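Read the structure below first, then the notes.
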Amino acid sequence: MTQLVGSTIGELGKLLRAREVSARELLQAHQERIEEVDGRVKAFLRLTPELAAEQAGRADQALKAGDAGPLTGIPVAVKDVLCVRGVETTAGSQILRGFKPPYTGTAMARLFDQGMVMLGVTNCDEFAMGSSTENSGYFPTHNPWALDRVPGGSSGGSAAAVAAGEAVISLGTDTGGSIRQPAALCGVVGMKPTYGRVSRYGLIAFASSLDQIGPFARSVDDAALTLAAMAGHDPLDATSSDRAGHDVLSSYGGEVKGMRLGVPREYYEVEGIEPGVKAAIERALQVLRAAGAELVDVSLPHTDYGLAAYYIIAPAECSSNLARFDGVRYGMSEEDSANVTEAYSKTRRRGFGTEVRRRIMLGTYALSSGYYDAYYLKAQKVRTLIKGDFDQAFKKCDAIVSATSPTVAFPIGSRTQDPLSMYLCDVLTLGGNLAGLPGISVPCGTSEGLPVGLQVLAPQWGENVALRVARAYETASGLNAEVAPVG
Amino acid sequence: MLARIGLEPGDEEFYAEQLSGILAHIDRLQEVDTDAIPPTAQVVEVANRLREDEPRPGLGQVEALANAPAAVDGSFRVPSIQEEA
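One line per chain: the protein sequences are A and B, in this order. Take any residue in the first sequence, count from 1 to its spot, add 14: that is its number in our numbering. Take any residue in the second sequence, count from 1 to its spot, add 2: that is its number in our numbering.
This is the structure we're talking about:
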């Protein structure tokens, strides 16, 4: 019989629809797994057993009535930046401690309508700013494959929850790599959709022109199913696209035979790329070639400027978005202040952590008069060039393949003193955000015994292309996202 | 000042060193010739969208105030905004 923990949606869906297992039993199996391992992994900030029981009950009714979809009864974990009505949501920050959203974000509402069952809220870097989940205002999360190492970030709790078998699916957000990088470091599948594919309504904003919600999963099929259920236009997010919809699933089931896969040399020579990671990617390229793909050299000449442009644009948008946290309408408040400006300053001093304060300073500086042209405007122009690099590359290839992260999971505490070294974790992923591209990371073996991820980037709205390459690799390599034993 | 993040003694030195390193990296942008390049603020083709101006239910007063650290008489309570005369 299929294991209830560590299986895919497809496998579990068969059991559920055959009534061999109930949604309640599937929920209980995952709650027991969380009980068993989360004291060591610390993927969850809080659990939602009452909501889960109610949703599982409804899923069982739908299954009994023969009214179930592919996601009915599947347990899902939700990153702490995604609002669910009545469930404490804090963006990993002390400043939002106690905040219970009065509404549910569109992506989550769509999954709940499909019968998914929410296990709880996962840990992340504060306001999704970070690449290790060490910037959480609560506690760090541990990589299930090596507990002294980071799970990546910012969606590290969501990645670790799937890797440790605590959830079948989890949701993350990706602003510079915050889904793909932790997916790579934890050995699971993670997908960032095209900007505008999934509504951002109910996502606590970090950088609004870059943020997207996406799934973590144990297989490419599971990621596609979850994304398809979340995708589509939403009148509550003016940047969600009319064209978005279930076509993410169409025609991705094929093979890579005859496809041209771009190998951008700059991505294979980035600062700090580990030889073991490079070797794993080279092996993955051979698998894709053997499966019939044609590998073509492409160039992304402005790669060296991506990080710099990103660290102007993202902090600029964050400094504006985070102005709303003033201790008046929600969250923590320093009421014992002489006047309102002192109250703002004291609240934000106590509520925001080091990295968030650093980015607010950087963003405020980049937007200030006198520096605007030299920093913010310049970065926006370089963004045009970076997008142009991808446009040119996609004239020669159908998709771009590279490592997701230049390194495997690093030891907890090893990069926190040097912010720039942390920022470099996202050097291969943030270009996809600046250009609005869909990207997926799939497990492609190990280096030093730790997971490595293969990134596939596709043209805007080409989720089906990225999924097709990722699935073909998954099939040809025989590599699947395994459940970490959590030793 | 506008960021209102309440810098305290020691903060300036701590951040100054790190931000200098980050800004030194960012300065490489100045190497790129962007004279003829337009800026990009958002990357998808969506243009401004308008919806019908129809009334619909919004957040009620009780719900809107439910998360407030301090509320009084159906309003958010804040410290005084004007100095006393």
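Even glycine gets a Cβ: it sits at the ideal position worked out from N, Cα and C. Quick caveat, the model's predicted, so the values are computed rather than measured.
The beta carbon of B/Val80 falls within 9 Å of a beta carbon belonging to chain A, placing the residue at that interface. Judged by DSSP secondary structure, A/Ser455 falls within the beta strand (DSSP E) whose first and last residues are 453 to 461. Look at B/Gly12: its C-beta is not under 9 Å from any C-beta on chain A.
B/Gly23 belongs to the set of residues whose beta carbon lies under 9 Å from a beta carbon in chain A.
CA-CA distance, A/Thr430 to A/Glu148, rounds to 8 Å. Chain-ordered listing is empty here: chain B has no CB closer than 9 Å to the CB of A/Asn149, the nearest sitting near 14 Å. If you draw a 10 Å sphere on the C-beta of B/Ser22, you find fewer than 16 other C-beta atoms in it, and that means exposed.
A/Arg372 is the residue among A/Ala198, A/Val234, A/Lys206, A/Arg372 whose C-alpha sits nearest the C-alpha of A/Asp432.
Rounded to whole angstroms, A/Glu348 and B/Ser82 show a C-alpha spacing of 13 Å.
Following the DSSP letters along the chain, one finds A/Asp311 inside the beta strand (DSSP E) bounded by residues 308 to 312.
In this structure, A/Ser168 sits near A/Ser145, with a CB-CB distance shorter than 9 Å. The contact set of A/Ser351 on chain B, defined by CB atoms closer than 8 Å, consists of Pro81 in chain order.
A distance below 9 Å separates the beta carbons of A/Val415 and A/Val277. Residue-level contact check: A/Tyr344 touches chain B, since one or more beta carbons of chain B fall below 9 Å from its beta carbon. For B/Asp55, not one C-beta of chain A is nearer than 9 Å to its own C-beta. For A/Asp236, DSSP assigns no beta-bridge partner whatsoever.
Looking at the DSSP output, A/Lys206 sits in a beta bridge with A/Gly453.
According to DSSP, residue pairing for A/Lys93 in a beta bridge involves A/Thr136.
Short of 6 Å from the beta carbon of A/Thr253, and not among the five residues preceding or following it, lie these beta carbons of its own chain, in chain order: Gly210. With the rule of 3 Cβ pairs closer than 8 Å, the region 202 to 216 of chain A does not count as touching the region 152 to 164 of chain A. Contact annotation for A/Ser172 against chain B: no contact, minimum CB-CB distance about 24 Å [criterion: below 8 Å]. The residues Ala221, Ser222, in chain order, have a CB closer than 6 Å to that of A/Glu331 in the same chain once the five nearest residues on each side in sequence are set aside. Ranking A/Val95, A/Leu448, A/Ser419, A/Ser455 by CA distance to the CA of A/Leu438 puts A/Ser419 first.
Taken in chain order, the complete beta strand (DSSP E) segments of 3 residues or longer contained in the region 167 to 232 of chain A are 183 to 188, 203 to 206, 226 to 231. In this chain, A/Val396 is not harboured by any beta strand (DSSP E); it is covered by the alpha helix (DSSP H) spanning 392 to 410. At least one C-beta of chain A is nearer than 9 Å to the C-beta of B/Val45. Within chain B, the residues Val34, Thr36, Ile39 have their CB atoms less than 8 Å from the CB of A/Leu399, given in chain order.
Under a criterion of Cβ atoms nearer than 8 Å, the residues of chain A adjacent to B/Glu65 are, in order, Pro116. In this structure, the CA atom of A/Leu391 is about 28 Å from the CA atom of A/Arg279. The alpha-carbon of A/Ala91 is positioned some 32 Å away from that of A/Val270. Comparing alpha carbon positions, the residue from A/Val301, A/Val310, A/Glu68, A/Ala243 closest to A/Arg274 is A/Val310. Separation of the CB atoms of A/Leu18 and A/Leu40 is rounded to 6 Å, and the pair is thereby assigned contact status at 8 Å.
In the three-state DSSP reduction, A/Asn494 falls in the coil class, being neither helix nor strand.
Within chain A, the residues Ser359, Lys360, Arg362, Arg363 have their CB atoms less than 7 Å from the CB of B/Gly8, given in chain order. Counting along the chain, A/Ala105 sits inside no alpha helix (DSSP H), nor does DSSP assign it H or E at all. For B/Asp75, no Cβ of chain A is located within less than 9 Å of the residue's own Cβ.
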